[in-house]
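**Q** Residue 109 in this note's numbering sits at position 109 of the sequence shown, and the numbers go up by one each step.
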Amino acid sequence: MTKRVGIIGGSGLYHIGGLSNKERRKVDTPFGEPSDELFIGQLGEREVVFLPRHGRGHRLLPSEINYRANIWALKKLGVEWIISVSAVGSFKKKIKPLDIVLIDQYFNWTNGRQHQTFFGEGIAAHIMFAHPVCESLRKILYDVCLEEMDTSSVHWGGTYLNMEGPPFSTKAESMIYQSWGVDVIGMTNMSEARLAREAEICYATLAMVTDYDCWIEGDSDAIVSVDMVIQNLNKNAELARKIIQRSILNIPQERSCPCASALSKAIITQRDLIPEKTKQKLELIIGKYVPS
Ligand SMILES: [Zn+2]
């Protein structure tokens, strides 16, 4: 099967330019419908699959996104790497609007959001997740960011707090999160990172800063407004396209990172007790470890 690169576009990024031989594909999954049809196309030598996280026209709230269907659909189309583009608010003065953070950690602060795993229904698996981002992919993105941007605007590493939303934080929440020492806040990436690892897909976040959340005091220009977020989203989208187009050319054909075998020791259920129905349902991701 062709080894493709997946791109999940966040707020502001609903299409990517430069794709040739474009084809739109509706993908069915055992977990329901993805956010939208997926776009398959060619960027240079590489085949890529693009999915707008919130659907075209931005129709889905973070809590309404069918994360399982999205990651499943990408896996089904042969995706081995996912570049996730994500709009975030910053908790650090040095992480400025329009900067990029190459996230290395996520912190789950959703309200018990459902469906952040493919497992259950008679099969238990626990993936290792101390390092939730693919280091090889993160480094590829970082190197391209450094070539495209001022070095003080690119941040190697950072913790992404995944809030529930859809409202932005209250000031009290924002100040508490900031006191925890996290770097940025968003509403979607934790769920995707978990599912991508379960599906043995490399995953890395290009966190594009739109604002300072609302912890910052005094400087009225720095305080978050929806207008400012939207303006910065549009500026970020252009930059994201450029970085993606260049990064894709640096992604190797063969993987040497541990993401590719994340499930090899993770499935703990005694094999003969896994229900046949569940085996068949999950064949795409567990087939090489649990033949049905
Ligand atoms: Zn990897």
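A virtual CB, placed ideally from N, CA and C, is assigned to each residue, including glycine.
Quick caveat: nothing in here was measured; it's all calculated off a predicted structure.
Just checking Glu135 against ligand 1 - is the residue's beta carbon closer than 8 Å to any of the ligand's heavy atoms?
**A** Answer for Glu135: yes, Cβ within range of ligand 1.
**Q** Report all residues from its chain with a CB closer than 6 Å to the CB of Ile33; omit the five preceding and five following residues, and keep chain order.
**A** Note on residue identity: the sequence assigns Glu, not Ile, to residue 33. Closer than 6 Å at Cβ, skipping near neighbours: Ala69.
**Q** Taking C-alpha atoms, which residue in Leu141, Ala237, Gly122, Asn108 lies nearest to Trp188?
**A** Rather than Trp, the amino acid found at residue 188 in this sequence is Thr. Closest by alpha carbon: Asn108.
**Q** Determine which residues share a DSSP beta bridge with Ile82 and list them.
**A** Gly6, Tyr203
**Q** Any contact between the region 248-265 and the region 39-58? By contact I mean 3 or more CB pairs, one from each, below 8 Å.
**A** yes
**Q** Nearer than 8 Å: is that true of the beta carbon of Pro132 relative to any heavy atom of ligand 1?
**A** no
**Q** Using DSSP with H/G/I as helix, E/B as strand and the rest coil, what is Tyr212?
**A** coil
**Q** Consider the Cβ of Glu254: report whether some Cβ of chain D lies at a distance smaller than 9 Å.
**A** Going by chain labels, chain D is absent from the structure shown, which holds only one protein chain.
**Q** Answer yes or no: the CB of Pro252 versus the heavy atoms of ligand 1, is any distance below 8 Å?
**A** no
**Q** Compare the beta carbon distance of Gln18 and Leu74 with 9 Å and say whether it is the shorter of the two.
**A** Strictly speaking, residue 18 in this sequence is Gly, with Gln absent from that position. No. Outside cutoff.
**Q** For Pro282, list the residues DSSP reports as bridge partners.
**A** Pro is not the amino acid found at residue 282; the sequence shown has Leu there. Leu282 is not bridged to any residue.
**Q** What beta strand (DSSP E) runs, 3 residues minimum, are completely inside the region 115-169?
**A** 154-156, 159-163
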